[in-house]
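One structure is given here, and the rest of the page talks about it.
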Amino acid sequence: MYSTASIRASASAYSPAWSDALLGAAVCGARQVYRSALPVAHAASAALRLTAGQLPVPGAATLATHGEQARADLEQLVDAVLAAVVRRVVNTLVETVDLTALVRENVDIVALAVDVVDAIDLPEIVRESTGTMASDAVQALRTGGMQADDAVSRLFDRLLPRSRSTRPS
Amino acid sequence: MTPSDEYVATERPAGVVTRLIASAIDIAGVTMLLVGLYLAVAALLFLWSPSRFSWPSPSLLTSTALGSLLAFCYLTLAWATTGRTYGDSMLGLRVLSRDGRVLHWLPAALRAAACVAFPAGLLWVAVSGRRRSIQDVLLRTVVVYDAHRAPGSVRDRGDHRRS
Chain A
1 MYSTASIRAS
11 ASAYSPAWSD
21 ALLGAAVCGA
31 RQVYRSALPV
41 AHAASAALRL
51 TAGQLPVPGA
61 ATLATHGEQA
71 RADLEQLVDA
81 VLAAVVRRVV
91 NTLVETVDLT
101 ALVRENVDIV
111 ALAVDVVDAI
121 DLPEIVREST
131 GTMASDAVQA
141 LRTGGMQADD
151 AVSRLFDRLL
161 PRSRSTRPS
Chain B
170 MTPSDEYVAT
180 ERPAGVVTRL
190 IASAIDIAGV
200 TMLLVGLYLA
210 VAALLFLWSP
220 SRFSWPSPSL
230 LTSTALGSLL
240 AFCYLTLAWA
250 TTGRTYGDSM
260 LGLRVLSRDG
270 RVLHWLPAAL
280 RAAACVAFPA
290 GLLWVAVSGR
300 RRSIQDVLLR
310 TVVVYDAHRA
320 PGSVRDRGDH
330 RRS
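Chain order of the listed sequences is A and B. To convert, note that position 81 of the first sequence is 81 in our numbering; the numbers rise steadily by one, no gaps. Counting from 1 along the second sequence, just add 169 to a position and that's the residue number in our numbering.
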């Protein structure tokens, strides 16, 4: 149990002036460490790049391989976790929400169906398909008739002596 | 090159089978027209006097004469305007003069009369080396395969007069 006096003492001990001073000291210390470590970090980075890219220094290539493998494993793990989470979320959503009722309440299905049928232009499709069938039948009739004509002509060519010049071309 | 030579070089005469099929389609059409006419007369008789109505029973001679007249009018009209009857259109045929033009009214009427009076003349197409019926020989006409030619590409009678 804190007394009013102890609370006041704590408040005065952690006044903004003191906390700012502590924060400033930490920042200055970090900057000093950063400045001291920067040349070493540059040298190490250059050495690693050279090792991984050009020089056959043992250790760096192995580290790179391990790093690559770890990255691939991590990506695989993230994918699996994401898939599981999404599946779980969707399943929960579908089980929780009545989608059919939701659509029935919020969507004018009849108007939507009318719009779809109007956009499809069903009568035109029926007309086109019927016309195509009739056209195919007529074409088949014409082709068959011409072949029959030729067959009859060949038959009479054999039966009757006719000069070739009188035959149809 | 004479017009006749031009026709021979560009068109192919239709044979007996396609022309028989086209004629059969036309006969069916004329028969339907005749039946329609009969029903129309019957309906008029019924409206005129419903109490004394009885189905008309024309004699065979009357029916034949009426059918022949209908066929004559139908063939003349078709050959003088588009050059093809409905049966010809189905089979892709067209009746033209020897120089490849649509018939005038008089040759069309003469050909129609000859076809109605002596339909068996069509069978001469099978025997003829140039695929001509007796009517074609007498009236100097031809029937050609004309399924793919666009309408209006047939030279009309005005061109014939200018040539």
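All residues carry an ideal CB built from backbone N, CA and C; glycine is no exception.
Taken in chain order, the unbroken stretches of alpha helix (DSSP H) that lie wholly in the region 112-159 of chain A and span 4 residues or more are 122-159.
Residue-level contact check: Ala295 of chain B touches chain A, since one or more beta carbons of chain A fall below 8 Å from its beta carbon.
Ranked by how close their Cα comes to the Cα of Gln147 of chain A, the residues B:Val311, B:Gly252 and B:Val186 have B:Val186 in first place. In the displayed model, Pro219 of chain B falls within coil according to three-state DSSP, outside both helix and strand.
Here the region 249-263 of chain B makes contact with the region 186-197 of chain B; the two share three or more CB pairs at distances below 8 Å.
In terms of Cα proximity to Ile196 of chain B, the closest of B:Thr231, B:Ala240, B:Glu180 and B:Leu230 is B:Ala240. Thr143 of chain A and Pro288 of chain B have their C-alpha atoms spaced approximately 25 Å apart. Put simply, the backbone Cα of Gly131 of chain A is about 21 Å away from that of Asp118 of chain A. When secondary structure is reduced to three states using DSSP, Val90 of chain A falls in the helix class. DSSP places Ser266 of chain B within a strand segment (E or B) once states are collapsed to three. A Cβ-Cβ contact shorter than 8 Å links Pro276 of chain B with Leu308 of chain B.
The beta carbon of Tyr314 of chain B falls within 8 Å of a beta carbon belonging to chain A, placing the residue at that interface. When C-beta distances to chain A are compared with 7 Å, the residues of the region 180-199 of chain B below that value are Arg181, Pro182, Ala183, Gly184, Val185, Val186, Thr187 and Ile190, in chain order. Against chain B, the CB of Leu102 of chain A has no partner CB under 8 Å away; the residue lies outside that interface. Note on Cys284 of chain B: 16 or more other CB atoms within 10 angstroms of its CB, so buried under the neighbour-count rule. The C-beta of Ser153 of chain A comes closer than 8 Å to at least one C-beta of chain B.
In terms of Cβ geometry, Gln304 of chain B and Arg280 of chain B form a close pair [threshold 8 Å].
Counted as a single uninterrupted DSSP element, the stretch harbouring Thr245 of chain B is not any beta strand (DSSP E) but the alpha helix (DSSP H) occupying residues Leu229 to Thr250.
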